[in-house]
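Top line first, the protein sequences correspond to chains A and B. Under this note's numbering, think of the first position of the first sequence as 1, with each following residue one higher. Under this note's numbering, think of the first position of the second sequence as 239, with each following residue one higher. First comes the structure, then the notes that go with it.
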Amino acid sequence: MNCDEALELLSGSLDGENTPAEEQQLQAHLAGCPSCRALLDAFREADAAVAAPLPDPPDALYRGVMEAVAREPRRRKRRLWYRYGAVAAAAALVLAVGLSSLPQQTAAPAETPAAARELDTDDASSPGVSPAQFSVSPEAAAAVPETTADDAFPEGAPDLLVELIDDPAAPAGEVTALAQLTPEPTAVEEAVVYQSDVATVRQIITDCQDSYALVVPEDLSDAAADAPCSILVICPEE
Amino acid sequence: MGAELELVRRAAGGDADAFGQLVLAYQKQVYALALRMTGSPDDALDLSQEAFLRAWRGLASYRFDASFSTWLYRLASNVCIDFLRRQKRERTVPLQVINEEEGERELSLPDPSPGPEERVLTAMEQVQVQEAMSQLEPEYRAALTLRVIHGRSYAEIAQILGIREGTVKSRIARAREKMRAALQKNGNKPAPQPSKQAEKGGSRHEL
Chain A
1 MNCDEALELL
11 SGSLDGENTP
21 AEEQQLQAHL
31 AGCPSCRALL
41 DAFREADAAV
51 AAPLPDPPDA
61 LYRGVMEAVA
71 REPRRRKRRL
81 WYRYGAVAAA
91 AALVLAVGLS
101 SLPQQTAAPA
111 ETPAAARELD
121 TDDASSPGVS
131 PAQFSVSPEA
141 AAAVPETTAD
151 DAFPEGAPDL
161 LVELIDDPAA
171 PAGEVTALAQ
181 LTPEPTAVEE
191 AVVYQSDVAT
201 VRQIITDCQD
211 SYALVVPEDL
221 SDAAADAPCS
231 ILVICPEE
Chain B
239 MGAELELVRR
249 AAGGDADAFG
259 QLVLAYQKQV
269 YALALRMTGS
279 PDDALDLSQE
289 AFLRAWRGLA
299 SYRFDASFST
309 WLYRLASNVC
319 IDFLRRQKRE
329 RTVPLQVINE
339 EEGERELSLP
349 DPSPGPEERV
359 LTAMEQVQVQ
369 EAMSQLEPEY
379 RAALTLRVIH
389 GRSYAEIAQI
399 LGIREGTVKS
409 RIARAREKMR
419 AALQKNGNKP
429 APQPSKQAEK
439 GGSRHEL
């Protein structure tokens, strides 16, 4: 081995990153090469100079960051109520959450997203979730009775509870329109709907929270939490 | 590690307090990286703040596939590398040296690489180190700093900088050689040179 090759191994040796074979080669070379031995010492000194203690960051760093964070647009949450009649009979409640660490979805909704695979388990106690193409027909949306958002669950659990989270990682999907039970209807684009075995909202949240960072509605009422649910809608905020 | 993951999850969900705790936990490391790479306390402050702000914005897309520190270092390295590339290469080293403003107090970073006994450098020595650093390409500065100051493994540095491990190894070797040469030139020390063979070989390799 010549000194040129030894250079890299010298460096690797300092970092403990040589293979045993490389280390052996290096030591054999060093035994007969005083200039490389000296180089090793010189490298150590150079390291010491680079690694010499540096000042702490000034207080302004933390302050500046947190001030900037406070100025950032808030991730807003908005809740929609929606009643949808044509959903499979078992579905009484849908919960939409932004999964902030959902793996990036591909453009084609037909592909099984990784998240669905993640959530899909053979465990009977947790819901299996698989993606489904699911669109809300405008007719169904039009049939929604108007009610105010303050009347939570005016006629029992609604068919759809949608939480919109500002989340750029949320996947694109096929939901075309969701009506809001407040005066102005709202169209939601780019949502993905997962159809699951029936479970309660609370169960789904619990299962998902083990895997992902969920933003959960803070004031989820008990009635909603235990309502059966078989469809999970994930939508970004517009 | 579980506690940090919890903080990251909460921060990803918009919890600014949780994020603030992450800033406190990592500010020393991020600042050290920026300071070593740029040699300028003012730039290091700006770049560190920029890195953390990008982290806040980007947390929603953090996939939990790499460790949080790797992800953060990647972000911080990129901020610093981009900054250095935009600068002219002829940038002069600021005369206000790194430890002058806060006096010569001794501060050490966690997880230093093992080596000769650490000591605080004199102001002149700091200038020499920064002069030497400024001879290195930005990516080389990052690799050397992450190894020698932050103690990251080659595998981690490969992840952070998005390069192969073999490239990490050769860059660090080249960076050390350049650093050695620059320090000895500036410091008027007797110079153990690599042999003629190695010097020839050194000029053949691309940096």
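Virtual Cβ for every residue (Gly too), placed ideally from N, Cα, C.
Residue-level contact to chain B via CB, residue i, 9 Å cutoff
{"i": "P20(A)", "result": "no"}
{"i": "A28(A)", "result": "no"}
{"i": "L164(A)", "result": "No answer about L164(A) holds up, because its pLDDT of 36 lies below 50 and its placement is not dependable."}
{"i": "G32(A)", "result": "no"}
{"i": "E17(A)", "result": "yes"}
{"i": "E23(A)", "result": "no"}
{"i": "L7(A)", "result": "yes"}
Neighbour flag for residue i against chain A, beta carbons, 9 Å
{"i": "W309(B)", "result": "no"}
{"i": "G440(B)", "result": "Residue confidence for G440(B) is low, a pLDDT of 43 falling below 50, so the modelled location carries little weight; the figure read from the coordinates is stated next. Chain A, which has a Cβ nearer than 9 Å to the Cβ of G440(B), makes this yes."}
{"i": "L313(B)", "result": "no"}
{"i": "V317(B)", "result": "no"}
{"i": "E363(B)", "result": "yes"}
{"i": "A270(B)", "result": "yes"}
{"i": "Y392(B)", "result": "yes"}
{"i": "F290(B)", "result": "yes"}
{"i": "K266(B)", "result": "yes"}
{"i": "E242(B)", "result": "no"}
{"i": "Q373(B)", "result": "no"}
{"i": "L322(B)", "result": "no"}
{"i": "T276(B)", "result": "no"}
{"i": "L283(B)", "result": "yes"}
{"i": "S286(B)", "result": "yes"}
{"i": "A304(B)", "result": "no"}
{"i": "A380(B)", "result": "no"}
{"i": "P279(B)", "result": "yes"}
{"i": "Q325(B)", "result": "no"}
Residue i - containing alpha helix (DSSP H), residue span
{"i": "S372(B)", "result": "A361 to S372"}
{"i": "S305(B)", "result": "It is not in any alpha helix (DSSP H) - S305(B) carries neither H nor E in the DSSP assignment."}
{"i": "I401(B)", "result": "I401(B) -> no alpha helix (DSSP H), and no H or E assigned at all."}
{"i": "Q265(B)", "result": "A254 to T276"}
{"i": "P279(B)", "result": "P279 to G296"}
{"i": "E244(B)", "result": "G240 to A250"}
{"i": "P73(A)", "result": "Neither: P73(A) is in no alpha helix (DSSP H) and is coded neither H nor E."}
{"i": "R385(B)", "result": "P376 to V386"}
Residue from the options whose Cα sits closest to the Cα of residue i
{"i": "A51(A)", "options": "E377(B), A420(B), H388(B) and I398(B)", "result": "H388(B)"}
{"i": "S391(B)", "options": "S13(A), C33(A) and N2(A)", "result": "S13(A)"}
{"i": "R219(B)", "options": "Q267(B), E375(B) and V268(B)", "result": "Chain B is shown only over 239 to 445; residue 219(B) falls outside these bounds and no answer can be derived."}
{"i": "D15(A)", "options": "G400(B), A419(B) and A393(B)", "result": "A393(B)"}
{"i": "F321(B)", "options": "E363(B), Q422(B), V246(B) and S278(B)", "result": "S278(B)"}
{"i": "G400(B)", "options": "E415(B), L283(B) and A381(B)", "result": "A381(B)"}
{"i": "G296(B)", "options": "V406(B), T360(B), K423(B) and F257(B)", "result": "F257(B)"}
Please list the segments of the alpha helix (DSSP H) lying wholly inside the segment 13–71 of chain A, counting only runs of 4 or more residues, in order along the chain. 20–31, 34–50 and 59–71
Which of the residues in the segment 396–415 of chain B, read from start to end, lie with their CB under 9 Å from any CB of chain A? E403, V406, K407, S408, I410, A411, R412, A413, R414 and E415
Positions along the segment 252–264 of chain B whose CB lies within less than 8 Å of some CB in chain A: G252, A254, F257, G258, V261 and L262
Taking any Cβ of chain B, which residues in the segment 59–74 of chain A have a Cβ under 8 Å from it, in chain order? A60, L61, Y62, G64, V65, M66, A68, V69, A70, E72 and R74
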